[in-house]
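All remarks here apply to the structure that follows.
Protein chains: 2
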Amino acid sequence: MTMNRTPTVPGFPDPGHDHAPCLAGVIARAETIFERNGMRLTELRRRVLEEVASSHRAVGAYDVLDRLARKGGRRLAPISVYRALDTLVVAGLVHRLESRNAYFACHAAHPANRRQIVLACEQCGAVAEVAGSAVFEGIADAAGAAGFRMSQALVEVSGACKECHGRSS
Amino acid sequence: MTMNRTPTVPGFPDPGHDHAPCLAGVIARAETIFERNGMRLTELRRRVLEEVASSHRAVGAYDVLDRLARKGGRRLAPISVYRALDTLVVAGLVHRLESRNAYFACHAAHPANRRQIVLACEQCGAVAEVAGSAVFEGIADAAGAAGFRMSQALVEVSGACKECHGRSS
DNA sequence: GCTGGTTATGTTATAAGCTAACGCAACGGT
DNA sequence: ACCGTTGCGTTAGCTTATAACATAACCAGC
Numbered sequence: 030m031t032m033n034r035t036p037t038v039p040g041f042p043d044p045g046h047d048h049a050p051c052l053a054g055v056i057a058r059a060e061t062i063f064e065r066n067g068m069r070l071t072e073l074r075r076r077v078l079e080e081v082a083s084s085h086r087a088v089g090a091y092d093v094l095d096r097l098a099r100k101g102g103r104r105l106a107p108i109s110v111y112r113a114l115d116t117l118v119v120a121g122l123v124h125r126l127e128s129r130n131a132y133f134a135c136h137a138a139h140p141a142n143r144r145q146i147v148l149a150c151e152q153c154g155a156v157a158e159v160a161g162s163a164v165f166e167g168i169a170d171a172a173g174a175a176g177f178r179m180s181q182a183l184v185e186v187s188g189a190c191k192e193c194h195g196r197s198s
Numbered sequence: 030m031t032m033n034r035t036p037t038v039p040g041f042p043d044p045g046h047d048h049a050p051c052l053a054g055v056i057a058r059a060e061t062i063f064e065r066n067g068m069r070l071t072e073l074r075r076r077v078l079e080e081v082a083s084s085h086r087a088v089g090a091y092d093v094l095d096r097l098a099r100k101g102g103r104r105l106a107p108i109s110v111y112r113a114l115d116t117l118v119v120a121g122l123v124h125r126l127e128s129r130n131a132y133f134a135c136h137a138a139h140p141a142n143r144r145q146i147v148l149a150c151e152q153c154g155a156v157a158e159v160a161g162s163a164v165f166e167g168i169a170d171a172a173g174a175a176g177f178r179m180s181q182a183l184v185e186v187s188g189a190c191k192e193c194h195g196r197s198s
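If you read the sequences in order, they're chains A and B.
First residue of the first sequence: 30, per the numbering used here; consecutive thereafter.
First residue of the second sequence: 30, per the numbering used here; consecutive thereafter.
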């Protein structure tokens, strides 16, 4: 286990970073959250979470399914993975990248009312969240001015992360 | 044809508004845009556009398919509808609501570089776009600060439109 | 340790969303 | 009339997601 610098949070982690602590952090947080909310972090949920959190990329439900099948031997039904993902999403450990029908782990433990801007790299698939209070306030204002009662706002940005655009242009 | 007030643009139209001018406006704009860009507003494209623009709601591709089947007698292949939708999206006449895998007509004719906040009512399904330059600048700043080169930003807000939350609470 | 309610997962089937590949047809310029 | 381009039809298949119902695991209280 090489000594790389700790992952940059928030933002994109160093590409050569040691991911083990990231993963461990997510799992630890899962244990806390599930415990606190009286939910059960079952074997299946833990395995699904581990797959999703095994990188900083967004993965499809069927990717998770395939990976679990490769590791675990037998193949689960899609619904099983979706159920686990739903639970993890509700717990706030995993978020859904709507613009890509994919899921990514939340490595940062931001507050309950998620007001994070999601950045998704088109090249490497990495996903990062950054704070955006001002942006969300602006959205709330704009919505309010239209007589709209906002319940949730989704901000997803596509583009190139630092590594990828540094490399290719 | 009753004389209701003209549709409120931008924002949500009055629920009892006369929709005919909205629809006619979209079609007229389509003719202009297709003409200007040397594209062909074919029968199929026009019919798909009419279905999408027949309300201020977002509709799924298969809804369009079903409605055309009901009207036109024979049932198209999904791909035909998707091709038409793609063309209309490229032309800027229809937008895709990513968070719902659905499509809605653009009734407002905003400038090319679309920087609009999309408001989608969870109850009635109505969709409206409102300007959000400041919001998008904030997003660009936040992305830039993370070393991210933004190519496109998506802002979709779920909630209750004026009519719906006035009615239900 | 059995019982019974609750929660989680398995099983089966299917809905919903989307696209590849290929061929014919319609359009439009020369 | 010809031919290149664009649009559409047809067939087939993939990806994403959920409904409905059965079984299993968990756990609180007796």
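Glycine is no exception: its CB is placed at the ideal position from the N, C-alpha and C atoms.
Keep in mind the model is a prediction, meaning the values are calculated, not measured.
Item to check | Opening and closing residue of the alpha helix (DSSP H) in which A:Glu72 lies | outcome: Bounds of the alpha helix (DSSP H) holding A:Glu72 are 72-81.
Next on the checklist: Within 8 Å, do at least three Cβ pairs link the stretch 122-138 of chain B to the stretch 86-94 of chain B?
Outcome noted: Below 8 Å, enough C-beta pairs join the stretch 86-94 of chain B and the stretch 122-138 of chain B to call them touching: three or more.
Item to check | Per DSSP, the bridge partner or partners of B:Arg129 | outcome: B:Arg129 is not bridged to any residue.
Checklist entry - Quick one: what does DSSP say A:Gly173 is sitting in, helix, strand or coil? => result Here A:Gly173 sits in helix by DSSP.
Item to check | Spatially closest choice to B:Thr61 from B:Arg86, B:Gly121, B:Gly195, B:Arg178, by CA coordinates | outcome: B:Gly121
Next on the checklist: Whether or not the stretch 164-182 of chain A and the stretch 188-195 of chain B are in contact is what I'm after, with contact meaning three or more pairs of Cβ atoms, one per stretch, closer than 8 Å; do they touch?
Outcome noted: Output reads yes: the stretch 164-182 of chain A touches the stretch 188-195 of chain B.
Checklist entry - Looking at C-alpha atoms only, which residue of A:Val77, A:Phe41, A:Ala171 is the closest neighbour of A:Ile56? => result Out of A:Val77, A:Phe41, A:Ala171, A:Val77 has the C-alpha closest to the C-alpha of A:Ile56.
Item to check | Proximal chain B residues relative to A:His194, where beta-carbon distance stays under 7 Å | outcome: Arg178
Checklist entry - Between which two residues does the alpha helix (DSSP H) harbouring B:Ser109 extend? => result Per DSSP, B:Ser109 belongs to the alpha helix (DSSP H) from 107-120.
Checklist entry - Any beta-carbon of chain A closer than 9 Å to the one on B:Ile168? => result yes
Next on the checklist: Please state the DSSP three-state secondary structure of B:Arg104.
Outcome noted: coil
Next on the checklist: What are the residues in the stretch 142-172 of chain A lying within 8 Å of chain B by C-beta distance?
Outcome noted: Going along the stretch 142-172 of chain A in chain order, one finds Ile146, Leu148, Cys150, Glu151, Ala157, Val159, Ala160, Gly161, Ala163, Val164, Gly167, Ile168, Ala171, Ala172 with a Cβ nearer than 8 Å to chain B.
Item to check | Residue burial classification, B:Gly102 (beta-carbon count within 10 angstroms, cutoff 16) | outcome: exposed
Next on the checklist: Considering Cα atoms alone, identify which of A:Arg99, A:Leu94, A:Ala98, A:Val118 is closest to A:Val110.
Outcome noted: A:Leu94
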